[in-house]
Structures are given as C-alpha cells and as structure tokens.
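**Q**
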C-alpha cells in the first residue's frame, strides 16, 4: 500500500463528497482532519467519529501537518483557496480533488502551485440528489468509476497514490484519462444528460401529470433535482465541449423527428435496434 | 366486487403483459383461458398454473364462453383480430385492452364492434425492458398507474368493471381520462421520454464510454433498450401529439443552449430551480 495509514489526511470542504471520503478512509484508521465553512459540519463529523479534528478557518497547524489533502469544493472556490492558502502546505504534500471538470481547473492550479507540492487531479463519479455531510456515506463508491486525470507535470508516484486512494475508497473501476479526454467524456455522459433531464422537467408544466406518470419519466428526471449553483458552474467550465454535445444530440433528435414525420418505420426501427444493442454495453456488471 | 370470480376471463396475447394479467387474476381463482400465437407460451402458462386452458387458433368454445376478454396485442393486430373474430364473442361480453395509444384504436374498434358487446379501453402503465410470458410477474403493477379511457359509447357498468379490474391487479392509482387527454399525456410522459432515451443512446458512438459512465447516463437510457416493432407503431399512432411534444422539448433545449452560449448563469440557475421544484411532485409516494 502506497498510502500508508501513518499519513495524515486533510479534507477541505466537508459536504456530501468530502464527508463520504472521510468515512471511507476512517475505516482504515487514517488520521483525518477537515477545514470547512460550517462549524455544524465539523461537530457532526466529530460526533460520528469520522474526523479527528476540524476548523472553519485555514488553520496553520492542521494544514501544515497534512500529507494528503483532498479538495471537495466548488471549482472557483477551489482555485481561490489554493491562491490564498498554499503557503501553509507541508513540503512534499500531495493534493487531489473531486472536481467534475478538469481542463479549466487542472492547469490553472498546477501552474500556480508551489514546486514542492504536487496536485494530482481526480474525479470520483459518484453523487446523490441530496447534499451536505449528513447525507455522506461510504457506500456511495461501490460499483462506481474513479478517474485520475494526470498531466505531464505529475510524477508516477503521485499518480499511483491517487489511484490507490480510489481503490481504498471502494471504487469499482479506477482509470486514468487526460484532462481533455475526461472533459469530452463527462460533457456527454454527465453534463448533456443533466441538460436533457432539466429540459424534459421544465418543457411542459401541465398540471396533475404526476398522477399519470410511469417509471420511464421518473428515471429520465431523477437528476432533474439539481444543485443550481454547482451545475451552472460546471456547465460553463466545459462550455465548448458541452455545446458540441448538445448539437450532436439535437441533430439526432431532429433526424428521429423527420423519420416520424415521414412515417419512416424502417428508419425508426433501425435506430431503435442500434439503441438497444448499444445500451447493452452500459449494463452494470 | 363487480368482477365476481364466476366470470370467465380470456386473455388474447399471452406475452409480458398478458401473462402478468393472468398471474394477477389467478390469485383470486378466476377461470382463465388464453389465445396466443405460440404453443410454447401456453405450455409455460399451464405448467406455471396461471391459465386453465389455451389455444393458438381462435377457438369457438374458448372465445364464446368468455365474459371478460383482455387484449394484449400490438395495436394493428388488435384491430385485425376484432374484425376477423368478433362473431365468436358471447353476447354481453366486455372487452378491454392494454394498448398504449388510444385515439387511433378506441373509436375504430367501438365503431366496428357488435352492438351486444362493449369495449372499454384501458392503459396499464407498467412494463419491463424484457418481453415474453416467461418474464411476466404479478408484482409489476404495484405502485403503478392504470388509466381507463371511456368514450360516450361506454356504460357506467363497464367503466366500473374496468376500474375494478385495475384495482384487482394491484395498481396503485386507477383513474379515467378521455382518449384525447390520455394520448396528450402519454405523448409527453412516455413517448417523448423514449424518443429522448434512444437519441441519447445513439448520438455518440465513442468507444469504451461504458468504462467511465455514472448512474445518470444509465438512468436516462434504461428505456433505450426498446421493442422496435411496438414502439415505432406507437409513435406513428400518436404522431401529431408526439411531434408537438418533440418541438416543445427542442424549444426549451435550445433556450438552455442559448443561455449557456451567453453564460447567462442567472437564467440557467432559474431553470434548474424550476426543474428541482417540479421534480419533487413526481417522487413516488
């Protein structure tokens, strides 16, 4: 094990994900500290026993002792935090994150970071429709994907450490992608998907529809319950790719519409068979 | 109970839904017969004990004895079947169906039907991504909606009988709508939803994406595994309404795209809050 339990772990941002990381790592006995906005989050985590200490202010001692620092903040707050507090890092510390977009964050942070500290970015692909440390759970990572997105600036050691972290947390698949590949993938699999769900949820306000719905509509709109602050920031951070994905979705949707207009049954059936065949790849193993 | 168990029930089309109806009604002790295409479906249902007799050909005795006949066929086959075999119905029989579109079927069948037989249409809003009688289950209806779509030609008695049938099968909500209201609702809640799912599933064929997916994409494409024969027929049967729903989805999607292009964060956040608020209505009770 590369991440040995003598290492001190600091979590910055003790919300749903930060709290879930803390719970997941506490199982192994790591010393875990937290810096977060609300004292109530710290009190809760201390009471539940998944952190050892916490502070609402950037604390010199807590930050300076951490060997591994995990940032679970909104993208723009993450960048600001590093700017203001990186002077407190221990020399040789490794920092990682949970940010859902990579290109706009990774290079900015690696460029401004002290040379004796390494930032190895990662994206744990897990979430819930609720937020806050009270909803954190170490079950969240089972069966999920964890993507490390290293750049030329990263060392093999840090990459291995970060992948080890994903495995310790219980992720099913731990892989690497470049920040560019990551954003391309996420623009389609996650962001376009959220755009579709919120559009479907808001394009028809007819009353009483909930009385007649089946599970299909519920499935397609589960993620329409959305954190507006976070997702609007994620969309804008990946704007070029997301716009491209929205266009390619719309082209295909228009094609289907044209086939329906022309009652092109063969064309529609071919699209449906393509869909059925491709969906089989995405079944959970 | 209006539907007493001395009544003989006939199911025409012993597939996923027909089989599930048979299982659900057998619990009460009804005599259940079946007319269906494949002998193997009959053999399976007899072995499992949820039908009493079955035939692959329209059998004079079986059809002539039935008090309640449930049609679980594709729309166009349903119409043809009635044309060819309605002479065999018992006088006073009530017939119902499971068809997912109503306007194009209901009036056609009521207009051609013998005056001593009544057709009371219904749509059980339940399904699975698999088909065939071997996948039938009487658990399928728990928590689901059952919509009866009567016309001026229907009697109060037949409407009550059909609603009772829905309750006996275990549906959570049994309601009525006109065929027009039904098709409007279903065009949005079910058909548009399937159009979106198959478009998302086929608009980007990048390889290896399944290795990086989260649950959002899986949720939005669960129904992308689709029976192409049935759904292309359903789409075309409700073409005018579905095209209108596709347009209104596309308008909203384009609006979101424009907000993203202009980085209109306030606008996007407002849409997301609208989405979140409206989604709460659709939570399963």
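Residue numbers (my numbering), protein chains in the order written: chain S, 1 to 285; chain G, 1001 to 1285.
All residues carry an ideal CB built from backbone N, CA and C; glycine is no exception.
1) Fully enclosed by the stretch 107-160 of chain S, which beta strand (DSSP E) runs are 3 residues long or longer?
2) Under 7 Å between C-beta atoms, does residue 163 of chain S make it to chain G?
3) In chain order, which continuous runs of the alpha helix (DSSP H) of length 4 or greater are located wholly inside the stretch 219-250 of chain S?
4) Which residues share a DSSP beta bridge with residue 1097 of chain G?
5) Spatial neighbours of residue 288 of chain S within its chain, please: C-beta separation below 6 Å, excluding the five flanking residues on both sides.
6) Buried or exposed: residue 1142 of chain G, going by 16 or more other Cβ atoms within 10 Å of its Cβ?
7) Below 7 Å on C-beta distance, what does residue 1275 of chain G contact in chain S?
8) With DSSP as the reference, please indicate the residues paired to residue 286 of chain S in a beta bridge.
9) For a contact defined as C-beta to C-beta under 7 Å, what are the partners of residue 1248 of chain G on chain S?
10) Any chance you could list the alpha helix (DSSP H) runs of at least 4 consecutive residues sitting entirely within the stretch 168-224 of chain S, in chain order?
11) Quick check on residue 80 of chain S: does DSSP put it in helix, strand or coil?
12) Under the rule that 16 or more other beta-carbon atoms within 10 Å means buried, what is residue 183 of chain S, buried or exposed?
13) For my contact list, residue 1271 of chain G and residue 202 of chain S are in at a C-beta cut-off of 8 Å; report their separation, rounded to the angstrom.
14) Run down chain S in chain order and give the residues with a C-beta less than 8 Å from the C-beta of residue 1278 of chain G.
15) Which residue comes first and which comes last in the alpha helix (DSSP H) that contains residue 1042 of chain G?
16) I'd like to know whether the C-beta of residue 1098 of chain G is nearer than 7 Å to at least one C-beta of chain S.
17) Should residue 1110 of chain G and residue 1139 of chain G be called a contact, given that it needs their Cβ atoms to be closer than 7 Å?
18) Using beta carbons (cut-off 7 Å, strictly below), is residue 210 of chain S in contact with chain G?
19) Whole-angstrom Cβ separation of residue 3 of chain S and residue 177 of chain S, contact assumed at under 8 Å?
20) Among S/105, S/107, S/88, whose alpha-carbon lies nearest the alpha-carbon of residue 65 of chain S?
21) From what residue to what residue does the beta strand (DSSP E) around residue 1014 of chain G run?
22) Quick one: measure Cβ to Cβ for residue 1128 of chain G and residue 1016 of chain G, integer angstroms, because I've assumed they're closer than 8 Å.
**A** In short, the structure shows the following:
1) Whole beta strand (DSSP E) segments, 3+ residues: 122-125, 145-148.
2) Not an interface residue.
3) Counting only runs that start and end inside the stretch 219-250 of chain S, the alpha helix (DSSP H) elements of at least 4 residues fall at 228-237.
4) Residue 1097 of chain G has G/1071 as its beta-bridge partners, per DSSP.
5) Only positions 1 to 285 of chain S appear in this structure, which leaves residue 288 of chain S out of reach.
6) Classification for residue 1142 of chain G: exposed.
7) Within 7 Å of the CB of residue 1275 of chain G, the CB atoms of chain S belong to 198, 201, 202, 224, 226, in sequence order along the chain.
8) The structure shown does not extend to residue 286 of chain S, since chain S is modelled only from 1 to 285, so the question has no answer here.
9) The contacting residues are 203, 204.
10) The stretch 168-224 of chain S contains these whole alpha helix (DSSP H) runs: 179-186, 193-202, 215-221.
11) Three-state DSSP puts residue 80 of chain S in a helix.
12) Looking at its Cβ environment, which holds 16 or more other Cβ atoms inside 10 Å, residue 183 of chain S is buried.
13) Sure, about 6 Å apart at Cβ, within 8 Å.
14) 201, 202, 205, 224, listed in chain order.
15) It spans 1039-1048 - the alpha helix (DSSP H) in which residue 1042 of chain G sits, taken as one unbroken run.
16) Not closer than 7 Å to any Cβ of chain S, the Cβ of residue 1098 of chain G fails to qualify, so no.
17) No, the pair does not count as a contact, with Cβ atoms beyond the cut-off.
18) Interface residue, yes.
19) In this structure residue 3 of chain S is not in contact with residue 177 of chain S, their Cβ atoms being roughly 21 Å apart against a cut-off of 8 Å.
20) Taking only the C-alpha atoms, the option nearest residue 65 of chain S is S/88.
21) For residue 1014 of chain G, there is no enclosing beta strand (DSSP E), since its DSSP letter is neither H nor E.
22) Contact between residue 1128 of chain G and residue 1016 of chain G holds, with the beta-carbon distance rounding to 6 Å and staying under 8 Å.
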